[in-house]
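Asker: One gets the numbering used here by counting positions in the sequence shown from 1 and adding 347 to each.
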Amino acid sequence: MSLPPPKPSFCSDFRRASPSRSSRFTAPPLASPTAARMPFKRFVEIGRVALVNYGKDYGRLVVIVDVVDQNRALVDAPDMVRCQINFKRLSLTDIKIDIKRVPKKSTLIKAMEEADVKTKWENSSWGKKLIVQKRRAALSDFDRFKVMLARIKRGGAIRQELAKLKKASTA
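#1: In this structure, does DSSP put R448 in helix, strand or coil?
#2: Round the Cβ separation of D441 and K476 to the nearest angstrom and send it over; I've been treating them as touching at under 8 angstroms.
#3: In whole angstroms, what separates the C-alpha of L408 from that of A397?
#4: Can D423 and V415 be called in contact, C-beta distance under 8 angstroms?
#5: Out of curiosity, what's the CA-to-CA distance linking I444 and I393?
#6: Could you have a look at A518 and say whether DSSP puts it in helix, strand or coil?
#7: Compute the Euclidean distance between the alpha carbons of K452 and R429, then round it to the nearest angstrom.
#8: For K388, name the three-state secondary structure that DSSP assigns.
#9: State the Cα-Cα distance for the pair F578 and E469, rounded to the nearest angstrom.
#10: Tell me the DSSP secondary structure of R395 in three-state form.
#11: Put L486 into one of helix, strand or coil per three-state DSSP.
#12: Considering only residues of the region 397–444, which uninterrupted beta strand (DSSP E) runs meet the minimum length of 3 residues and lie entirely inside it, listed in chain order?
#13: Between the Cα of Q417 and those of L496, F434, M495 and S438, spot the shortest distance and give me the residue it belongs to.
#14: Using the Cα positions of W473 and R395, report the straight-line distance between them to the nearest angstrom.
#15: Could you have a look at L350 and say whether DSSP puts it in helix, strand or coil?
#16: Below 8 angstroms on the Cβ atoms is my guess for L439 versus V399; work out the distance and round it to an integer in Å.
Dropping the structure here:
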């Protein structure tokens with residue numbers, strides 16, 4: 348009675364390439380040249396625009412002007428006082444402005460206007476979603492009632508058109 352051959356393991360790709368001591372192990376070849384590209388593009392760097400996701404400045408766009416340590420950054424915005432914020436309280440965006448480390452307030456404001464940060468944020472899908480959330484949160488009871496009626500009316504119109512199309516396709 349013979350045993351089946353052993354299954355190749357993940358470690359079999361890292362077998363010894365040659366008996367020399369300088370190159371003890373070899374890495375497996377990359378699947379494709381595109382596999383070496385880095386998928387992550389939002390790094391903590393000076394000039395990166397971030398959204399505050401917790402605390403008294405919740406929902407505010409800020410710019411990282413300096414990295415204090417591995418947990419905190421010095422952030423600033425035109426309408427706030429420069430302060431340190433923990434990275435856990437920041438959500439990094441794709442927007443980056445070209446500034447030097449710890450710029451003056453006026454330099455930061457000028458760089459933000461040149462980079463057109465506000466309109467880039469408002470045109471992004473993330474920014475649009477937050478604007479809609481704020482607008483819905485500010486609705487009164489009567490406004491919510493009007494939205495409900497509009498949805499019912501829209502659903503009825505869609506149903507009627509769908510019925511017409513079904514009737515036309517069967518006839």
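Ideal placement from N, C-alpha and C gives every residue a C-beta, glycine not left out.
Answerer: This is what the structure gives:
#1: In the sequence shown, the residue the question calls residue 448 occupies position 101. Three-state DSSP puts R448 in coil, outside helix and strand.
#2: As a position in the sequence shown, residue 441 is number 94, starting the count at 1. As a position in the sequence shown, residue 476 is number 129, starting the count at 1. In fact, because the Cβ distance is near 14 angstroms, the residues do not count as touching under 8 angstroms.
#3: On the sequence shown, position 61 is the one that residue 408 refers to. On the sequence shown, position 50 is the one that residue 397 refers to. Approximately 6 angstroms between the Cα atoms of the pair.
#4: Position 76 of the sequence shown, counted from the start, is the residue given in the question as residue 423. Position 68 of the sequence shown, counted from the start, is the residue given in the question as residue 415. For D423 and V415, no; Cβs fall outside 8 angstroms.
#5: For the purposes of this step, residue 444 is taken as the residue at position 97 of the sequence shown. For the purposes of this step, residue 393 is taken as the residue at position 46 of the sequence shown. Near 8 angstroms, if we compare the C-alpha coordinates of I393 and I444.
#6: Residue mapping note: residue 518 aligns to position 171 of the sequence shown, counting from 1. A518: coil per DSSP, three-state reduction.
#7: As a position in the sequence shown, residue 452 is number 105, starting the count at 1. As a position in the sequence shown, residue 429 is number 82, starting the count at 1. Rounded to the nearest angstrom, the two C-alpha atoms are 9 angstroms apart.
#8: Here residue 388 refers to the residue found at position 41 of the sequence shown. K388: coil per DSSP, three-state reduction.
#9: There is simply no residue 578 to check, as the chain begins at 348 and stops at 518 in what is shown.
#10: Here residue 395 refers to the residue found at position 48 when the sequence shown is read from its first residue. DSSP places R395 in strand when its eight states are reduced to three.
#11: For the purposes of this step, residue 486 is taken as residue 139 along the sequence shown, with counting starting at 1. Three-state result, L486: coil.
#12: 408–414, 419–423, 430–433 and 437–443
#13: If you number the sequence shown from 1, residue 417 lands on position 70. Checking every option, the nearest Cα to that of Q417 belongs to F434.
#14: On the sequence shown, position 126 is the one that residue 473 refers to. On the sequence shown, position 48 is the one that residue 395 refers to. Their Cα atoms are separated by approximately 16 angstroms.
#15: Here residue 350 is taken as the residue at index 3 of the sequence shown, counted from 1. Of the three classes helix, strand and coil, the one that applies to L350 here is coil, per DSSP.
#16: Looking up residue 439 in the sequence shown gives position 92. Looking up residue 399 in the sequence shown gives position 52. Between V399 and L439 the Cβ distance is about 11 angstroms, and since that is not below 8 angstroms, they are no contact.
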